[in-house]
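Colleague:
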Amino acid sequence: MSQPIADAFLEGTKYQNLGPSDQQRGVEQPPVHSVLRSGQRVALPRPNSFDLGDMTIRKAIEIRRSLRTFADTPLNLEELSYLLWCTQGVKPESTEKFTLRTVPSAGARHAFETVLLINRVDGLKPGLYQFDAAVHGLIQWDSPADVTQQVMAACLDQQTIVHSAVTFIWVAERERMAWRYGERGVRYLFLDAGHVCQNLHLAAESIAAGACAIGAYNDDVLNSLLALDGTDRWVVYLAGVGKR
Numbered sequence: 008m009s010q011p012i013a014d015a016f017l018e019g020t021k022y023q024n025l026g027p028s029d030q031q032r033g034v035e036q037p038p039v040h041s042v043l044r045s046g047q048r049v050a051l052p053r054p055n056s057f058d059l060g061d062m063t064i065r066k067a068i069e070i071r072r073s074l075r076t077f078a079d080t081p082l083n084l085e086e087l088s089y090l091l092w093c094t095q096g097v098k099p100e101s102t103e104k105f106t107l108r109t110v111p112s113a114g115a116r117h118a119f120e121t122v123l124l125i126n127r128v129d130g131l132k133p134g135l136y137q138f139d140a141a142v143h144g145l146i147q148w149d150s151p152a153d154v155t156q157q158v159m160a161a162c163l164d165q166q167t168i169v170h171s172a173v174t175f176i177w178v179a180e181r182e183r184m185a186w187r188y189g190e191r192g193v194r195y196l197f198l199d200a201g202h203v204c205q206n207l208h209l210a211a212e213s214i215a216a217g218a219c220a221i222g223a224y225n226d227d228v229l230n231s232l233l234a235l236d237g238t239d240r241w242v243v244y245l246a247g248v249g250k251r
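Start counting the sequence shown at 8; every next residue gets the next number (the numbering used here).
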């Protein structure tokens, strides 16, 4: 099978074809957190107080299914806080130079920022928010009234966006990963996104909810909607979540 673009990417990012990374050249590392846009801060409940009852990891794996339609029941703030902790929660051992989180990441780079499209979460106005993992809180963005429709259109009219209580939108921070791994780091961004989304799937099952991962979208339209340049920062993955 000949796929010139894919073949060139795989060949170009083999270790033997890479030059030295910024880390190897002594360049100062980029920040481990990024605020993409200013806005009103919203506090979240601490996730360590959330009670899962008798849910086990085995049970969550056994019952996991991709859901594309959801009940009208909203999530509450405690549930949202728990889902955010499961996907990008920062552990106490973290420092200014690196963070340890609830998901694995190549070289502990954790090169994502999480944007949320809120439709139905108790205590939150619908619209776009950024999760600030450093303080486990939200930043509310100014959003157009039809932002859900705009995101859905950018995602090729997938109705999951409209039906979900919240859609997780993961933004890749290319420089944060490339600092250590150079161009091969792009591979690791996609791998790491899978780790994050799988945690979301299992965490959603544990709160009587479900998730559906979304990989089909118009990159340029969605990046533009979120004011991302599409080169240093771009949308790498999405997932809708809602109650069963």
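Just so it is clear, CB atoms sit at the ideal spot from N, CA and C, and this is done for glycine as well.
Residues in its own chain within less than 6 angstroms of S73 by CB, not counting five upstream and five downstream?
Modeller: When the five nearest sequence neighbours on each side are left out, the beta carbons in the same chain lying within less than 6 angstroms of the beta carbon of S73 are those of C219, in order along the chain.
Colleague: With a CB to CB cut of under 6 angstroms and the five nearest residues on each side skipped, what residues in its chain are close to Q47?
Modeller: The beta carbon of Q47 is closer than 6 angstroms to those of Q147 in its chain, skipping five residues each way along the sequence.
Colleague: Bridge partners for L123 per DSSP, in chain order?
Modeller: Y136, F175
Colleague: Who are the Cβ neighbours of E180 in its own chain at under 8 angstroms, not counting the five residues just before and after it?
Modeller: P37, S41, A118, F119, E120, D239, R240
Colleague: Which of the three DSSP states, helix, strand or coil, is assigned to I214?
Modeller: In the three-state reduction of the DSSP assignment, I214 falls in the coil class.
Colleague: Suppose contacts are defined by Cβ-Cβ distances below 8 angstroms. Is L233 in contact with V110 by that definition?
Modeller: no
Colleague: Could you tell me the boundaries of the alpha helix (DSSP H) in which V97 lies?
Modeller: Unbroken run through V97: none, as it is neither H nor E.
Colleague: Whole-angstrom Cβ separation of L245 and I176, contact assumed at under 8 angstroms?
Modeller: 5 angstroms
Colleague: Cβ of P37 within 7 angstroms of any heavy atom in the ligand GTP?
Modeller: The ligand GTP is not part of the structure shown, which contains no ligands of any sort.
Colleague: For the pair the segment 196-214 and the segment 94-109, tell me if three or more CB-CB distances fall below 8 angstroms.
Modeller: yes
Colleague: Bridge partners of I221, per DSSP?
Modeller: L245
Colleague: G26 to Q166, Cα distance in whole Å?
Modeller: Rounded to the nearest angstrom, the two C-alpha atoms are 43 angstroms apart.
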